[in-house]
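Novice: If you want our numbering, it's the position in the sequence shown, counting the first as 1, plus 141.
Glycine included, C-beta positions come from ideal geometry on N, C-alpha and C.
This one's a predicted model, so the numbers in the text were calculated from it and none came from an experiment.
Supplied in structure tokens, the structure appears directly below.
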Amino acid sequence: MKELLLNGEKWEVKGYWPWVPLKVSSMEIGQELLGVTDWMPATVPGGVHADLLRAGLIEDPWFGLNSWKCEWVENRWWVYRASVACPTQGSGRTELVFKGLDYEAQVFVDGKLLGEHEGMYHEAVFDVTEAAREQERMEVTVMFKHAPDEMSQIGLTSRTHTQKKQVQL
């Protein structure tokens, strides 16, 4: 079995209003639906706040009260994409392994949905044997939905069902 490492690839990220990435194009005029950002360089592993900060689209959310100016970020859907080199040697199973998708995501290879993942404390594993065998590179896209709507940890934690870390490192 081979695992594809994704951290060395050139990733991009783009933000959208919720549900827009699923629609792809306008029903009225057939043009691509616009995002809330353009495609910009992204770091994987990493997080959208760090990518937006590097792009100059938000102020440092870890300074003063700037986090309030960034609250819009958690209410958008974020799409990451990269062209990933396929392994060339040997046969057998090839898996695409994500070790920390936060929090709810859909994973695509070459536009085909591989599956969905929810929760950040367990791996998301997808079989890409056929796609890796047929080509030298494949387009990997990960679409993150907005943060789950749930009561914060201020109230009764027994009513909180989402398991997430408190900070991004």
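#1: I need the straight-line Cα distance from Leu310 to Cys227, nearest angstrom please.
#2: My output table needs one value for Lys286: the three-state DSSP class, helix, strand or coil.
#3: Candidates Val269, Tyr221 and Lys143: which alpha carbon is nearest Val189's?
#4: Identify, in the order they occur along the chain, each residue of the same chain with its Cβ nearer than 8 Å to the Cβ of Asn216, setting aside the five sequence neighbours on each side.
#5: Please classify Lys151: is it buried, with 16 or more other beta-carbons within 10 angstroms of its beta-carbon, or exposed?
#6: Does Ala273 come out as helix, strand or coil in the three-state DSSP assignment?
#7: Tell me whether Ile199 is buried or exposed, calling it buried when 16 or more other Cβ atoms sit within 10 Å of its Cβ.
#8: Hey, how far is the Cα of Tyr262 from the Cα of Val161?
#9: Taking its Cβ as the centre, do 16 or more other Cβ atoms sit within 10 Å of Met168, making it buried, or is it exposed?
#10: Does the region 168-177 come within contact of the region 201-208, defined as at least 3 CB pairs closer than 8 Å?
#11: On the three-state DSSP scale, how would you describe Asp192?
#12: With burial defined as no fewer than 16 other Cβ atoms inside 10 Å of the residue's Cβ, what is the status of Leu255: buried or exposed?
#13: Just to confirm, is the Cβ distance from Leu145 to Leu237 under 8 Å?
#14: Let's see if you can read the secondary structure: which residues bound the beta strand (DSSP E) around Leu163?
#15: Give me the residue from Met279, Ser224, Leu194 and Ala183 with the minimum Cα distance to Cys211.
Specialist: Taking the geometry as given:
#1: At Leu310 the pLDDT is 39, less than 50, meaning the model places this residue with poor confidence and gives no usable figure here.
#2: coil
#3: Tyr221
#4: Pro159, His287 and Ala288
#5: exposed
#6: helix
#7: buried
#8: 27 Å
#9: exposed
#10: no
#11: helix
#12: buried
#13: yes
#14: Unbroken run through Leu163 is the alpha helix (DSSP H), Val161 to Lys164; no beta strand (DSSP E).
#15: Leu194
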